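Q: Under UniProt numbering, the first residue of the sequence shown is numbered 3, with each subsequent residue one higher.
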Amino acid sequence: RIAYVNGRYVRHAEAAVHIEDRGYQFADGVYEVCEVVGGVMIDETRHLTRLRRSLSELQIRDPMPETALKVVLRETIRRNRVRDGIVYLQVTRGVARRDHYFPSASIPPAIVVTARSTDRAKVGAAAEAGVSVITVPENRWPRVDIKSVALLPNVLVKQQAKEAGAKEAWYVDADGFVTEGGSTNAWIVTEKGTIVTRPAESGILRGVTRTTLFDMARDLQMRIEERPFSVEEAKRAKEAFITAATAIVTPVTAIDGKPVGDGKPGPAALGLRRRFHEFAE
Ligand code: PDD
Numbered sequence: 003r004i005a006y007v008n009g010r011y012v013r014h015a016e017a018a019v020h021i022e023d024r025g026y027q028f029a030d031g032v033y034e035v036c037e038v039v040g041g042v043m044i045d046e047t048r049h050l051t052r053l054r055r056s057l058s059e060l061q062i063r064d065p066m067p068e069t070a071l072k073v074v075l076r077e078t079i080r081r082n083r084v085r086d087g088i089v090y091l092q093v094t095r096g097v098a099r100r101d102h103y104f105p106s107a108s109i110p111p112a113i114v115v116t117a118r119s120t121d122r123a124k125v126g127a128a129a130e131a132g133v134s135v136i137t138v139p140e141n142r143w144p145r146v147d148i149k150s151v152a153l154l155p156n157v158l159v160k161q162q163a164k165e166a167g168a169k170e171a172w173y174v175d176a177d178g179f180v181t182e183g184g185s186t187n188a189w190i191v192t193e194k195g196t197i198v199t200r201p202a203e204s205g206i207l208r209g210v211t212r213t214t215l216f217d218m219a220r221d222l223q224m225r226i227e228e229r230p231f232s233v234e235e236a237k238r239a240k241e242a243f244i245t246a247a248t249a250i251v252t253p254v255t256a257i258d259g260k261p262v263g264d265g266k267p268g269p270a271a272l273g274l275r276r277r278f279h280e281f282a283e
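In structure tokens:
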């Protein structure tokens, strides 16, 4: 396997960043994860737009022009012979002597790109069987709109989910409303068939998969509502599902051990999952 590290393609096993990389010392960086299908990145433009936004919110310089970045992404996918899989991109504020203040403007941001294959049939079959989620109190910083590599709270709740036999943890805000998962956006389907997800302006990451799903729902003339939903409403919902570049649309069949609907993956979620790539760009 091959990784791109600060201007060079290197063997994955030997790919390394400096011990004073600000990503390593301060989690001072951002990332994107993009699905690859048939060797092509899904929703590349939306991911790169969000990357630029995350960088600008943190006042980290663009590591390179977007056209060059696209070449690096494609080249990393090609060199790893990825047909189906994911590409990962991380940009940090660069390498400088440890000091909380931003380093001098002459320090270039550091960039890493990796790509790996996944067994699409196997991952797909597992996802279509549905997953369980647990609920946990929201404990992250308020700037979850930035796709920051500071993921310690997410790591802890995902591990907690795993130990509880679940796949994902849904964060719940102080008012009892679901924000999102540790690495996915959260959705429910009401008795009337309306798809509901929390507004992107409040306490969640604006998922690229989420945005594409909005386009899709519109095209398919499905009813979609952007509003907060409570854990109680989710537990009574007809269906629930999660979305992310790594999950596409994955049905949720249980919340805190309680079956959602009939406890089987729902038709809306499965339908959206199966048709997703017709709508993604
Ligand atoms: N996670 N919310 C959070 C907190 C996320 O970390 C992610 C993505 C999403 C979904 O965003 P998108 O649809 O753009 O993938 C929502 C990535 C996949 C990860 O950390 O692995």
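We put the beta carbon where it would ideally sit given N, CA and C, even for glycine.
Since the model is a prediction, treat every value here as computed from it, not as a measurement.
What's the gap between the Cα of GLN92 and the Cα of ALA256?
A: So the alpha carbons of these two residues sit roughly 33 Å apart.
Q: Taking Cβ positions, are GLU241 and ALA270 nearer each other than 7 Å?
A: Yes, the pair counts as a contact, with Cβ atoms nearer than the cut-off.
Q: Would you say the beta carbon of ALA152 is closer than 6 Å to some non-hydrogen atom of the ligand PDD?
A: No, the Cβ of ALA152 stays beyond 6 Å of every heavy atom of the ligand PDD.
Q: For the ligand PDD, I want to know if SER185 counts as a neighbour, meaning its beta carbon is within less than 6 Å of at least one of the ligand's heavy atoms.
A: Flag set: Cβ of SER185 near the ligand PDD.
Q: Excluding sequence positions up to five away, which residues of its chain have a Cβ less than 7 Å from the Cβ of ASP64?
A: Excluding residues within five positions, the ones whose Cβ falls inside 7 Å are ARG54 and LEU57.
Q: Below 6 Å, is the gap between the Cβ of THR211 and the nearest heavy atom of the ligand PDD?
A: Yes, the ligand PDD has a heavy atom inside 6 Å of this Cβ.
Q: Cα-Cα, which of VAL125, ASP23, ARG76 and ALA127 is closest to VAL115?
A: Nearest C-alpha to VAL115: ARG76.
Q: Going by C-alpha distance, which of THR78, THR252 and GLU235 is nearest VAL198?
A: For VAL198, the nearest C-alpha among the options comes from GLU235.
Q: Quick one: Cα of ASP121 to Cα of VAL84, how far?
A: Near 11 Å, if we compare the C-alpha coordinates of VAL84 and ASP121.
Q: In angstroms with no decimal places, state the Cα-to-Cα distance between VAL180 and SER108.
A: One C-alpha to the other measures close to 42 Å.
Q: Does the ligand PDD have even one heavy atom less than 6 Å from the beta-carbon of GLU182?
A: Checking every heavy atom of the ligand PDD against the Cβ of GLU182, one is found closer than 6 Å.
Q: In chain order, which beta strand (DSSP E) runs of at least 3 residues are fully inside the region 188-258?
A: Taking only runs of at least 3 residues, the beta strand (DSSP E) segments lying wholly in the region 188-258 are 197-199, 226-228, 241-246 and 250-257.
Q: With TYR148 and GLU59 assumed to form a contact (beta carbons below 8 Å), what rounded beta-carbon distance in angstroms separates them?
A: Here residue 148 turns out to be Ile, not Tyr, going by the sequence shown. Contact flag correct, Cβ pair sits at about 5 Å.
Q: Could you tell me whether any non-hydrogen atom of the ligand PDD is closer than 6 Å to the CB of THR69?
A: Incorrect: THR69 has no Cβ contact closer than 6 Å to the ligand PDD.
Q: Work out the CA separation of GLU203 and THR51 for me, nearest whole Å.
A: Those two C-alpha atoms are separated by around 17 Å.
Q: By a C-beta neighbour count over all protein chains shown, 10 Å radius and 16 as the cutoff for buried, is PRO267 buried or exposed?
A: Buried.
Q: On the DSSP bridge assignment, give the partners of MET43 in chain order.
A: VAL38.
Q: With distances taken Cα to Cα, identify the nearest neighbour of THR214 among ALA152, ILE113 and ILE250.
A: Ranking the options by Cα distance to THR214, first place goes to ILE250.
Q: Ignore the nearest five residues each way along the sequence and tell me which others in LYS160's own chain have a CB closer than 8 Å to its CB.
A: The residues are GLU170, ALA171, GLY184 and SER185.
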